[in-house]
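K.L.:
Let me give you the structure first, and then I'll get to my questions.
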Amino acid sequence: MKKIIEGRIIFNEKTSGGYYNMRIKAAWNAENVVPGQFVTLKTNENGMPLIRRPMGIFKIAPPHIEILYKKIGSGTGLLSKMKPGETISVLGPLGNGFTLPEGRKSAILVGGGYGISPIACLYEELKRKKVKILIVIGAKNKSLVFKKGLPGAKIATEDGSDGMKGLVTDLLEKLCQKVSCSTNVIYACGPEQMLKAVAKVAKKHNISCSVSMEALMACGVGVCLSCVCALKVKSGFEYKRVCTDGPVFDAGELDW
Amino acid sequence: MKKIIEGRIIFNEKTSGGYYNMRIKAAWNAENVVPGQFVTLKTNENGMPLIRRPMGIFKIAPPHIEILYKKIGSGTGLLSKMKPGETISVLGPLGNGFTLPEGRKSAILVGGGYGISPIACLYEELKRKKVKILIVIGAKNKSLVFKKGLPGAKIATEDGSDGMKGLVTDLLEKLCQKVSCSTNVIYACGPEQMLKAVAKVAKKHNISCSVSMEALMACGVGVCLSCVCALKVKSGFEYKRVCTDGPVFDAGELDW
Amino acid sequence: MVNLKINIAGIKMKNPVVLASGTCGFGKELADIFDLNILGAIIVKGTTLLPRAGNKPPRVAETYFGMLNSIGLQNPGVAAVIKEKIPYLRSFNLPVIVNISGNSKDEYAALAKVLSRTEGVSGLEVNISCPNIKHKHAGLFCQSLRDIAEITTAVKRVSKVPVFVKLSAEVSDFKQTVKTAERAGADGLSLINTLRGMAIDIKTRRPKIANVIGGLSGPAIKPIGIRAVYEAYNSVKIPIIGMGGITGVEDAVEYMLAGASAVAVGTATFYDPFASVKIASGLKAYLERNKLSSVIKLTGKVTL
Amino acid sequence: MVNLKINIAGIKMKNPVVLASGTCGFGKELADIFDLNILGAIIVKGTTLLPRAGNKPPRVAETYFGMLNSIGLQNPGVAAVIKEKIPYLRSFNLPVIVNISGNSKDEYAALAKVLSRTEGVSGLEVNISCPNIKHKHAGLFCQSLRDIAEITTAVKRVSKVPVFVKLSAEVSDFKQTVKTAERAGADGLSLINTLRGMAIDIKTRRPKIANVIGGLSGPAIKPIGIRAVYEAYNSVKIPIIGMGGITGVEDAVEYMLAGASAVAVGTATFYDPFASVKIASGLKAYLERNKLSSVIKLTGKVTL
Ligand SMILES: Cc1cc2nc3c(=O)[nH]c(=O)nc-3n(C[C@H](O)[C@H](O)[C@H](O)COP(=O)(O)OP(=O)(O)OC[C@H]3O[C@@H](n4cnc5c(N)ncnc54)[C@H](O)[C@@H]3O)c2cc1C
Ligand SMILES: Cc1cc2nc3c(=O)[nH]c(=O)nc-3n(C[C@H](O)[C@H](O)[C@H](O)COP(=O)(O)OP(=O)(O)OC[C@H]3O[C@@H](n4cnc5c(N)ncnc54)[C@H](O)[C@@H]3O)c2cc1C
Ligand SMILES: Cc1cc2nc3c(=O)[nH]c(=O)nc-3n(C[C@H](O)[C@H](O)[C@H](O)COP(=O)(O)O)c2cc1C
Ligand SMILES: Cc1cc2nc3c(=O)[nH]c(=O)nc-3n(C[C@H](O)[C@H](O)[C@H](O)COP(=O)(O)O)c2cc1C
Ligand code: FES
Ligand code: FES
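Heads up: the protein sequence lines correspond to chains A, B, C and D, in order.
Letter by letter, the first sequence follows residues 0 to 255 of numbering that gives the first Met the number 0.
Letter by letter, the second sequence follows residues 0 to 255 of numbering that gives the first Met the number 0.
Letter by letter, the third sequence follows residues 0 to 303 of numbering that gives the first Met the number 0.
Letter by letter, the fourth sequence follows residues 0 to 303 of numbering that gives the first Met the number 0.
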């Protein structure tokens, strides 16, 4: 059940890659949270921005959750100024998280931008489930890479300042050539263009692939139909809600 | 010349009568400020309330000014939370202050509600000018009386919890019976109903009387015509701007 | 003991707080967050004869204390609504009002005919003010007095349940607009729909929503909604569901004083899913505090 | 070197930022705060044939990111404006546009005749969209296509200076509205005037402004203004002064991309007297940053 709570901020600090990391005491049962789910935050109690901001769940540590965010505009600007002890309205957990298809023993995790947040969350879960994990991270340059707690992650930066020079999909392409398509699964989260490219690589190698989509969201709970993305159906396409039918979709079902 | 400046808050603390007292370092020449003038404050830099809040000037202490305010709604609510060191946009000095008519040696000061702020400011000025001063203050009850720095002030409270039980005009009436009408002048600031009653007493005793009016103000500088009050003219009445033509008016000229 | 019950155009509600069309889906998702039975009624998403895919995303943009939307009436079509959506809502104890949209008076009539005969449907809200779909002629139906009269008459002729006509404030003669709906037989009015607006991203220089123009909702438009309800209340006798920017109980009271018999909460549900529930309990407290025995004593009670 | 100059309907301005009518008086008070010469033009307070006392206070109320006003066109009358106000403004180096209001086309024509022959008057803004005065018929003049045509024609027949017709977005057929003004000879359009709104104090239960209904302005209405300018730009060829909620340079750029040749700053001057000045310098910086040689390259350049 979705709940809205006044979460108490435990910490809110700058971390690597230009991200902020916030830990919130969330009274709803964080034990039921699944990697890939998200929350929406009211970054200004009564003022602007009016609309809640969606944030992927970065860590599940009942009764706490953590988020990893970038300071972009009005909402995350206010968020970055919040102090431990203050409370914030948290609505969640929202959306459908990642699922591990039957018989898959190893996973390739692909993160770009703040997409690294749910990917890191999934990493912890898969580690516990003893799934073999390969991680690839893409970023513009070294200063934007977040790899804390992700040992062995392979990096691709556009300027070559960290790891390989190139796109994350170049890395992925190489990895895919080496792994078994039937026991592997790809999980990706990041900008839409990256997801599209990842999906293409996955398809080429015939590896099952789940992507976590982003979209502008007004409600986050499935009632406004603002957050849609197109899914293939027989008759052409159908718009599905990222917030409720996703954010995780089977890459093969998406009508890019 | 009116100026808008980023004033630095020196202190902002609760004082008696349920008021807050804020001292601001105002870069414009506070030496040119006259009692009865006011400033407008942007209580929320970018958010709501959008409109500036007018505040009478309580103390002139170049390069500082002070205001005395009550926490009422959105604007003063935010104001009360501001901390020393923060800055606030101050526009001023605005309006015409009190003037001492020729030949007046003594003054009766009447304050009600936050009207006590410009009255206290005027008191300091008149004291310096060696004018003889009588002060009367009206309030609902003792907890709302501000009399700090106003020695000898006579109080009227509606419930009799401080000073005389009754209205400030009852006190004024008694005083007027004892003073000379030709050398005295009455200065009043407070709620409109009080000012109206004060004007009546002044008229009855034929004592010159200046009142400082309040009105809803959108611009504070004379361009929007929102803050008008009616002044008597031959043809009937004319609307004048409280912010620019006032806030101090000759009580006899007002068309109550 | 204060009485929050209302009877609006024959529909009995336990309180005057309803969910606005397009902001509560068909109820299911919100029922997962709070108990729908707390509310006066639900007005479900705009329903059309055939399923509609809706407009291309992005479909929303934030504005100053408001938002633009251009969903484009995405809905599964009336058959699916009757088969899947209404039966679910019947398990709750609150009137269901179905919001209908069409491209012609015949489509409206066809929708009204079948929906008003569907068990579990207590009323219809005739949306002739949707800024997000295009008709043969340029404007909104409610921008033509003739269309208002024709569609309302057609719907009323076949409907077995009370009919609320939903109008926009973006008209040249608002009083004539509401009077026309009343004369054509409307049992009530829903005021107001979103106002046509637009926003441009100055970095990309593209409209913020794919459909270019969208509907403006939220607190920003409240003064326009209050004015519309006030003018309508003084122009017609039929009851009004007031909406546009209602966030808290103060807003609801303001709408009722202006002339609304019920109030609909729209955009506020997005930023506070509990907004409607809080308003319902807030209204009770407001009546108690003000020693009013019944909520109907608020309607139209602004003092001039 | 970026070029901020514009020539709008024959009026040359050093930049496209002007002060909106009713929010800058007749210039004198603001000249006491900043140098008027920095701006593109000033549109002075609504002027009528005879002096007008204006409406009873309270005349303003704050709303969500906006405000309602009902000043009621308080002004000293055209004779005093010509004798006292215009001569003062002649000491500055910026075009003066006089905003005129009347109760009939003859009044508008009389005002246009005398003002357009007054030295120091560079243009007229014909306000046929003021929500705060009452005419014989119910609505605003601009809510009747016939009135728009008649008044515009009458003014154009006698005016010696360019004529901007000021319209409201509160009309049923906005495109026809702007086309009608163009056909009747308007040299330009001013879009938009305030929208009719209302607010009620729920404690006293009285309307927050004495005149009950007032005009809504400020950031809240910006999406409506942007939409109106965009639709007008795509419907007519005459230039547009865009306004409604402009607070910062981003808003000004948004209006220009939508189709405005100049922008007017209104309510923002109240909460930031320097708003217009900041926008003028901000525009220059924006052009430089975006490597645009001239501000006219922004007009209508939204990408679909
Ligand atoms: C399901 C989901 C999960 C997300 N998880 C994270 C996360 O873990 N960490 C993180 O830093 N960000 C995340 N985002 C994006 C985050 O919500 C936006 O970056 C953030 O809202 C920017 O808001 P702002 O107010 O600071 O910026 P503004 O520029 O003021 O935002 C303007 C509008 O754009 C929307 N917006 C801006 N960027 C994006 C974006 N990339 N995706 C979707 N909406 C956007 C905002 O919600 C808002 O409506 C997520 C978005 C979605 C949809
Ligand atoms: C010339 C002048 C001088 C003033 N000096 C002082 C002062 O020294 N100390 C002080 O505490 N207050 C003073 N006020 C009143 C003060 O501006 C308001 O109390 C304050 O604006 C309340 O704002 P708010 O946002 O807290 O309340 P809100 O309820 O949010 O205000 C709503 C609106 O009402 C206006 N308003 C509310 N009360 C008044 C009032 N009594 N008079 C005028 N406008 C009002 C506000 O400006 C605002 O537009 C003065 C007002 C004027 C016109
Ligand atoms: C995302 C969204 C979708 C909407 N969909 C519909 C709809 O399908 N039918 C309709 O009549 N009104 C629709 N509306 C209008 C609302 O019902 C309501 O009239 C309007 O939003 C004003 O109320 P608010 O400011 O409380 O949102 C929609 C509004 C929003 C924001
Ligand atoms: C207090 C006030 C007075 C106004 N007076 C006039 C007027 O006399 N004539 C006119 O055409 N418009 C008048 N307007 C409308 C403005 O010129 C402008 O069109 C409108 O406020 C929208 O712009 P804004 O949101 O920037 O204020 C007035 C607006 C305000 C707020
Ligand atoms: S954000 Fe409202 S349906 Fe997804
Ligand atoms: S507040 Fe604008 S004229 Fe006085």
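The beta carbon of each residue, even a glycine, is placed where N, CA and C say it ideally should be.
So what does DSSP say about Val-235/D, is it helix, strand or coil?
P.N.:
Residue state, collapsed to three classes: coil.
K.L.:
In chain order, what residues of the same chain lie with their CB nearer than 7 angstroms to the CB of Ser-292/D, ignoring the 5 residues before and after it?
P.N.:
These residues qualify, in order along the chain: Val-1, Asn-2.
K.L.:
Nearest chain D C-beta to Leu-215/B closer than 8 angstroms, yes or no?
P.N.:
Yes, contact with chain D.
K.L.:
Counting only beta-carbon separations shorter than 8 angstroms, does Met-47/A have a partner in chain B?
P.N.:
At least one chain B Cβ lies under 8 angstroms of Met-47/A.
K.L.:
To the nearest whole angstrom, what separates the beta carbons of Val-32/A and Ile-59/A, a pair I think is in contact under 8 angstroms?
P.N.:
Going by Cβ atoms, the distance from Val-32/A to Ile-59/A rounds to 5 angstroms, so yes, they are a contact pair.
K.L.:
Any idea what DSSP makes of Cys-188/A, helix, strand or coil?
P.N.:
Correct three-state label for Cys-188/A: strand.
K.L.:
Comparing the C-beta of Phe-140/D with each C-beta of chain C, is any distance below 8 angstroms?
P.N.:
For Phe-140/D, the answer is no, since every Cβ of chain C falls outside 8 angstroms of its Cβ.
K.L.:
Apart from the five residues just before and just after Leu-224/A, which ones in its own chain have a Cβ nearer than 8 angstroms to its Cβ?
P.N.:
Excluding sequence neighbours, Leu-224/A sits near Tyr-238, Arg-240.
K.L.:
Which chain D residues sit within Cβ distance under 7 angstroms of Tyr-229/C?
P.N.:
In chain order: Met-197.
K.L.:
If Ile-264/D and Ser-275/D are in contact, beta carbons under 8 angstroms, what's the gap, nearest whole angstrom?
P.N.:
Inspection of the sequence shows that residue 264/D is occupied by Val rather than by Ile. About 4 angstroms separates the two Cβ atoms, so the contact holds.
K.L.:
Give me the Cα-Cα distance between Ala-284/C and Val-252/C, rounded to the nearest whole angstrom.
P.N.:
Taking the straight line joining both Cα atoms gives about 12 angstroms.
K.L.:
Rounded to whole angstroms, what is the Cα-Cα separation between Lys-262/A and Gly-251/A?
P.N.:
This structure gives no information on residue 262/A, because the portion of chain A shown stretches from 0 to 255.
K.L.:
How about Thr-193/C: is its C-beta nearer than 8 angstroms to some C-beta of chain D?
P.N.:
It does not: the Cβ of Thr-193/C has no partner Cβ on chain D nearer than 8 angstroms.
K.L.:
Looking at Met-216/A and ligand 1, is the gap between the Cβ and the nearest heavy atom below 7 angstroms?
P.N.:
Within the cutoff, so yes.
K.L.:
Figure out for me which residue from Ala-19/D, Lys-296/D, Leu-38/D, Thr-62/D has the closest Cα to the Cα of Leu-93/D.
P.N.:
Here the closest residue by C-alpha is Leu-38/D.
K.L.:
Indicate the three-state DSSP secondary structure (helix, strand or coil) for Met-0/C in the structure shown.
P.N.:
Met-0/C: coil per DSSP, three-state reduction.
K.L.:
State yes or no: is the beta carbon of Ser-225/A nearer than 8 angstroms to at least one beta carbon in chain C?
P.N.:
Taking Cβ atoms only, chain C reaches closer than 8 angstroms to Ser-225/A, which makes this a yes.
K.L.:
Examine ligand 2 and report whether any of its heavy atoms sits within less than 7 angstroms of the Cβ of Thr-39/A.
P.N.:
No.
K.L.:
Output, in chain order, the set of chain B residues within a Cβ distance shorter than 8 angstroms of Ala-52/D.
P.N.:
Within 8 angstroms Cβ-Cβ: Phe-236, Glu-237, Tyr-238.
K.L.:
Output, in sequence order along the chain, the residues in the segment 212 to 226 of chain C whose CB is closer than 7 angstroms to any CB in chain D.
P.N.:
Those residues of the segment 212 to 226 of chain C that come within reach of chain D (Cβ to Cβ, closer than 7 angstroms) are Ile-212, Leu-215, Pro-218, Ala-219, Lys-221, Pro-222, Ile-223, Ile-225, Arg-226.
K.L.:
Does Arg-52/B come within less than 8 angstroms of chain D when only Cβ atoms are used?
P.N.:
Not closer than 8 angstroms to any Cβ of chain D, the Cβ of Arg-52/B fails to qualify, so no.
K.L.:
Going along the chain, which residues of its own chain have a beta-carbon closer than 8 angstroms to the beta-carbon of Ile-5/D, five neighbours each way excluded?
P.N.:
Counting only Cβ-Cβ distances below 8 angstroms, and skipping sequence neighbours, we find Lys-11, Met-12, Asn-14, Pro-15, Gly-39, Ser-260, Ala-261, Val-294, Ile-295.
K.L.:
Quick test of the definition: if touching needs 3 or more C-beta pairs under 8 angstroms, does the segment 178 to 189 of chain A touch the segment 200 to 211 of chain A?
P.N.:
Contact holds: three or more Cβ-Cβ distances are below 8 angstroms.
K.L.:
Have a look at Leu-184/C and Thr-152/D and give me their C-alpha separation to the nearest angstrom.
P.N.:
Looking at the sequence shown, residue 184/C is not Leu but Gly. In a straight line, the C-alpha of Gly-184/C is about 41 angstroms away from that of Thr-152/D.
K.L.:
Give the residues of chain A in contact with Asn-68/C, contact being defined as C-beta atoms less than 8 angstroms apart.
P.N.:
Ordered by position in chain A, the residues that pass the 8 angstroms Cβ test against Asn-68/C are Ala-217, Cys-223, Ser-225.
K.L.:
May I ask you to report which of helix, strand or coil DSSP gives Asn-36/C?
P.N.:
Helix at Asn-36/C.
K.L.:
Would you mind sorting Pro-92/B into buried or exposed? The rule is 16 or more other CB atoms within 10 Å of its CB.
P.N.:
Buried, since its Cβ has 16 or more Cβ neighbours within 10 Å.
K.L.:
Are the beta-carbon atoms of Ala-214/B and Trp-255/B separated by less than 8 angstroms?
P.N.:
No, the pair does not count as a contact, with Cβ atoms beyond the cut-off.
K.L.:
Residues of chain C with CB under 7 angstroms from Leu-90/A, in chain order?
P.N.:
Within chain C, the residues near Leu-90/A are Pro-272.
K.L.:
Going by alpha carbons, who is nearest to Ile-136/A out of Arg-127/A, Gly-159/A, Lys-129/A?
P.N.:
Measuring from the Cα of Ile-136/A, the nearest candidate turns out to be Gly-159/A.
K.L.:
Is the Cβ of Lys-308/D closer than 8 angstroms to any Cβ of chain C?
P.N.:
Since the displayed chain D opens at 0 and closes at 303, residue 308/D lies outside it and no answer follows.
K.L.:
Chain A partners of Leu-29/C, CB-CB under 8 angstroms?
P.N.:
Chain A residues near Leu-29/C: Val-220, Val-222.
K.L.:
Please classify Asp-34/C as buried or exposed, where buried requires at least 16 neighbouring CB atoms within 10 angstroms.
P.N.:
Label assigned to Asp-34/C: exposed.
K.L.:
Roughly how many whole angstroms lie between the Cα atoms of Glu-61/C and Lys-174/D?
P.N.:
Going by the C-alpha atoms only, they are around 26 angstroms apart.
K.L.:
Do Gly-53/C and Lys-227/A count as a contact pair if the criterion is CB distance below 8 angstroms?
P.N.:
In the sequence under discussion, the amino acid at residue 227/A is Val, which differs from the Lys named in the question. Result yes, Cβ atoms of Val-227/A and Gly-53/C sit closer than 8 angstroms.
K.L.:
Name, please, each residue of chain A whose Cβ falls closer than 8 angstroms to the Cβ of Cys-129/C.
P.N.:
Correct list: empty, because the minimum Cβ distance to chain A is about 14 angstroms.
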